[in-house]
Amino acid sequence: MEEAKLPNKVVYGYGVPDLTCNLMMMGAVTYYAYFLTDIIRINAAVVGLILLVARIIDAISVPISGAIIQKTQLKWGQFRSWMLVAPPVTALFFILMFTNFNMNPATQAIFLCVVYTLGHIGFNFAFNGHIALISVIGKTPVDRVTLSGRKAQFQTFSGVAFALLFMPLVGILGGGNEAKGFLYTVALFAILQVFGYWYTFSITKDYESYDPNKKLGAGTGLTAGEMSKQIFGNSQLLIIMLADSFRTTAMFGLIGLLSYYFAYIAGNLSLITVGMFVGTLGTFAGSLIAPAAAKRIGKKQTYILSTTITFIAFVLMRLLGQNYLIFIGLTAMANIGIILSMSLGPAMYMDAAEYGFFKTGKDSTALIMAMFSMPIKIGVALSGAVIGFGLAAIGYDPTVAITPSFVSSMMNVITLIPAACALLSFTLICFYKLDEKTVAEYTKKNTLSRAEVR
């Protein structure tokens, strides 16, 4: 029997958390290093250490949260429940990340590391519950690509809103006090992410609710060792994760250094609003192209196209990017490349889940879908270390003299590492072997297998 078409309310509503939570996350990714070095005045090397340690713990929590979701069903469903209970916890600790209490430097560093970690662990549960919900809503590969594309488009809308709103809100809400401006703006966005998750939780109640007969834990036959095998024994999942890890390192490295570029190379931090807005227009264009490209040439070839565009953009950025107008244009080009593969992420991880189920007979969909956020965490962790240690290596401090040597060194940090990451991502995805026909066959056989055990 042909599956009923997903209603538009669900297709569009599924992307709402990406609109709201991305506002909050971009505040942390884009400005947190700047907040620590230039507002709280923490040494750049210490900032690199704070971000590296916190983000490593954050990354470790991803498979743990995925395993918990795999084996747990709360009263509102296996996946939806986490979209209800986790976002308020996330909001609290994200707000605390942007506080500046009167502490000694060591205590302050430990405090910020702890609240960063707890905030992101809370986010992992909400994010992983949301991403795994695609397995319940999207019954076919076509539905999953549609939902993945809509998710990316809402992230793009969020990026546009963030570029236009964040710094103006910092000025308005802070009333001239930059520290308060950052705190109040992030608090506003953190509260919005709660309501975004709750909205999608409410409109998907007909797709997943508490099922006392649903087989979890022992019913899936997944021990801790078998969960590890489902990740490390799934070659296609590992390829995607590694390729995505390098892609996200490039992306977050650029985002995290934008404030430094516009403050010290362009000479005007307020230009970051224009730069981010134009960059998100590139992201929006790429999000519109991605579904059509995947349909026409397949997900793998679209991913290869993505990494090629990204690599070329960063190389050109190094050669020509000291002119801020050219830099802004090339940022948009890089974003087009990055979003092409990012738009396909949930669908490709779902393909890997179908591959794993077909090969092993064990359904680990929630666990594998949780791995979608692992490359994001790795990219954020590595980019944070690159930013902190890279700035320390070139002798950066907030009073640094802007010399040609400093500008050249800063451009190297901003562009060459992301270019190398894009090249590595390109190389890895060439070994990916799940084409559309093969995945369709796996999905059909797995659907029958799932029906037999219910």
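Counting from 8, one number per residue, gives the positions in the sequence shown under the working numbering.
Idealized CB from N, CA, C, for every residue including glycine.
The model shown is predicted, which means the values in this text are computed figures rather than measured ones.
- Item | Thr97 versus Val60: straight-line alpha-carbon distance, rounded | 19 Å
- Query: So what's Gly391 in DSSP terms, helix, strand or just coil?
  - Reply: helix
- Quick one, are the C-beta atoms of Pro353 and Ser68 less than 8 Å apart? no
- What are the start and end residues of the alpha helix (DSSP H) that includes Met31? 23-41
- Residues sharing a beta bridge with Gly84, DSSP: Leu81
- Any idea if Gly182 is buried or exposed, counting beta-carbon neighbours within 10 angstroms, 16 or more meaning buried? exposed
- Is there contact between the stretch 283-293 and the stretch 414-426, where contact requires at least three CB pairs shorter than 8 Å? no
- My guess is that Thr406 and Leu265 are in contact by the Cβ rule of under 8 Å, so how many angstroms apart are they, rounded? Actually they are not in contact, since the Cβ atoms of Thr406 and Leu265 sit about 20 Å apart, beyond 8 Å.
- Message: Less than 8 Å between the C-beta atoms of Leu374 and Gly73, yes or no?
- Response: yes
- Query: Just how far apart, CA to CA, sit Ser142 and Gly34?
  - Reply: 29 Å
- Message: Within 8 Å, do at least three Cβ pairs link the stretch 82-89 to the stretch 206-216?
- Response: yes
- Go ahead and pull the three-state DSSP assignment for Asn419. helix
- Item | Status (buried if at least 16 other CB within 10 Å, exposed otherwise) for Ser165 | buried
- With respect to the alpha helix (DSSP H) encompassing Gly203, which residues constitute its N-terminal and C-terminal limits? 185-210
- When the Cα of Ser456 is compared with those of Lys369, Ala388, Ile424, which residue comes out closest? Lys369
- Message: At the level of alpha carbons, what is the spacing between Leu323 and Tyr123?
- Response: 35 Å
- Query: Which first and last residues belong to the alpha helix (DSSP H) in which Pro298 is found?
  - Reply: 278-304
- Message: Here's the rule I'm using: 16 or more other beta-carbon atoms within 10 Å means buried, otherwise exposed. How should Ile102 be labelled?
- Response: buried
- Query: Quick one, are the C-beta atoms of Arg254 and Ser371 less than 8 Å apart?
  - Reply: no
- Hey, is Phe291 close to the ligand FMN, as in C-beta under 7 Å from one of its heavy atoms? By its list of ligands, the structure shown contains no ligand whatsoever, and the ligand FMN lies outside what it can speak to.
- Task: For Asn275, count neighbouring C-beta atoms within 10 Å of its own C-beta (all shown protein chains included) and say buried if the count is 16 or more, exposed if not.
- Result: exposed
- Message: I need the boundaries of the alpha helix (DSSP H) containing Phe118, first residue and last residue.
- Response: 112-139
- Helix, strand or coil at Gly232 [DSSP, three-state]: helix
- Message: In whole angstroms, give me the CA-to-CA distance for Met191 and Ala116.
- Response: The question names Met, but residue 191 is Tyr in the sequence shown. Going from the Cα of Tyr191 to the Cα of Ala116 covers about 21 Å.
- Query: Ordered along the chain, which non-local residues of its own chain (more than five positions away) have a Cβ less than 8 Å from that of Met110?
  - Reply: Phe118
- Task: Could you check the C-alpha separation between Gly224 and Ser235 for me, to the nearest Å?
- Result: Here Gly224 scores only 48 on pLDDT, less than 50, and its place in the model should not be relied on; the value that follows carries that caveat. C-alpha separation (whole angstroms): 14 Å.
- Query: Assuming Asn241 contacts Ala359 under a Cβ cut-off of 8 Å, what Cβ separation, rounded to an integer in Å, is found between them?
  - Reply: 6 Å
- Message: Determine whether the beta carbon atoms of Phe161 and Asp25 lie at a separation below 8 Å.
- Response: yes
- Smallest Cα separation from Phe259: which of Leu278, Ala194, Leu389? Leu389
- Task: Classify Asn275 as helix, strand or coil using the three-state DSSP reduction.
- Result: coil
- Message: Looking only at its chain, what residues have a beta carbon closer than 8 Å to the beta carbon of Leu180, apart from the 5 residues adjacent to it on each side?
- Response: Lys187, Gly188, Tyr191, Thr192, Leu195
- Around the C-beta of Arg48, are 16 or more other C-beta atoms found within 10 angstroms, so that it is buried, or is it exposed? exposed
- Message: Considering only their Cβ atoms, is the gap separating Thr280 from Ala400 smaller than 8 Å?
- Response: no
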